[in-house]
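Taking it in order: structure first as structure tokens, then the write-up.
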Amino acid sequence: MPKNLVEPIKFSDKYLKAIWLTNAENYYIENRTIVVNLGQEKTYIAVFPEKYLLPITSTILKEVSLKTGDSLLLIEIFDSINIGGIVLDPAWHQLGEISDFPKDVPLWKSPQYDVGTVEFDPYFVTGLADRPQQNKLRKYQVKVNLWFSPANTNAAIHNKHAVREFLEVHTQIYGTGRMQKFHANDFNTLYEDVLMSPGDTHIPFASVDEKGRFIYPWHQYYADTDCIWMANEFHPIS
Ligand SMILES: [Fe+2]
Numbered sequence: 726m727p728k729n730l731v732e733p734i735k736f737s738d739k740y741l742k743a744i745w746l747t748n749a750e751n752y753y754i755e756n757r758t759i760v761v762n763l764g765q766e767k768t769y770i771a772v773f774p775e776k777y778l779l780p781i782t783s784t785i786l787k788e789v790s791l792k793t794g795d796s797l798l799l800i801e802i803f804d805s806i807n808i809g810g811i812v813l814d815p816a817w818h819q820l821g822e823i824s825d826f827p828k829d830v831p832l833w834k835s836p837q838y839d840v841g842t843v844e845f846d847p848y849f850v851t852g853l854a855d856r857p858q859q860n861k862l863r864k865y866q867v868k869v870n871l872w873f874s875p876a877n878t879n880a881a882i883h884n885k886h887a888v889r890e891f892l893e894v895h896t897q898i899y900g901t902g903r904m905q906k907f908h909a910n911d912f913n914t915l916y917e918d919v920l921m922s923p924g925d926t927h928i929p930f931a932s933v934d935e936k937g938r939f940i941y942p943w944h945q946y947y948a949d950t951d952c953i954w955m956a957n958e959f960h961p962i963s
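First residue of the sequence shown? That's 726 in this note's numbering, and the numbers climb one at a time after it.
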């Protein structure tokens, strides 16, 4: 199988460069890059002492090689001047313009891209089980898109995403924000605040029911500053 396969992910061509890297082998990262492990294997980083990046986690790397990695998303911001203009790309849309989402919420979405499939035990990945079980493995289609909101945006409380629920986690790309949990669909019932700085990916908010379906608490993204963050979605494949 060929090594270091690179596919451009066209979120933007003005402000940031995103690539999907598969089958990495001694892949050199030159510039400061957010690296998200969207595969099912640890990505070993070529350092001593040996360290690695676990699946569904991320970091910021520069001037270092990835020894291995089955599937990684790499994002480098090369120009942050006018970066809010990323939403002016004709491929981006205000969510309220393309869905029944509230039109008064300043939340913009990039195109979404398929970036491979993975297998995992949903009970393990969400922390309900202490170790993965072979007979609980399921297959998922991985999809990614970017979001943008300006400072002080409540991006809307919700506890459902789709008829067939997927696992979502988010990676902060630019600015600082939070993933928040609520007891009810009410901003006054906040009970957990997970701060997000560039390079951070929060742990899954989802739990799993007895049928292996993802279930969510009321939650939202809040942008403290102008923010770009990436949704990493894992859609069950039957
Ligand atoms: Fe969500």
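For every residue, glycine included, the Cβ atom is placed at its ideal position computed from N, Cα and C.
- Screening all residues for a C-beta within a distance smaller than 6 Å of any heavy atom in ligand 1 leaves H883, H886, E893, H944, in chain order.
- Distance from H960 to F912 at the Cβ level is roughly 29 Å; contact not present, criterion being Cβ atoms closer than 8 Å.
- Per DSSP, the beta-bridge partners of K776 are I770.
- Comparing alpha carbon positions, the residue from A854, A887, E788, Y899 closest to P875 is Y899.
- Under the criterion of beta carbons closer than 8 Å, W745 and V840 qualify as touching, at roughly 5 Å.
- Annotated three-state conformation of G841 is strand, per DSSP.
- Secondary structure note for P961: its beta strand (DSSP E) is the uninterrupted segment 952 to 961.
- Judged by DSSP in its simplified three-state form, N751 adopts coil rather than helix or strand.
- Contact annotation: the region 727 to 736 does not touch the region 753 to 764, with fewer than three C-beta pairs closer than 8 Å.
- When the beta-carbon positions are compared, T782 and N762 come within less than 8 Å of each other.
- Taking a C-beta distance under 8 Å as the contact criterion, L798 and A749 do not qualify as a contact pair.
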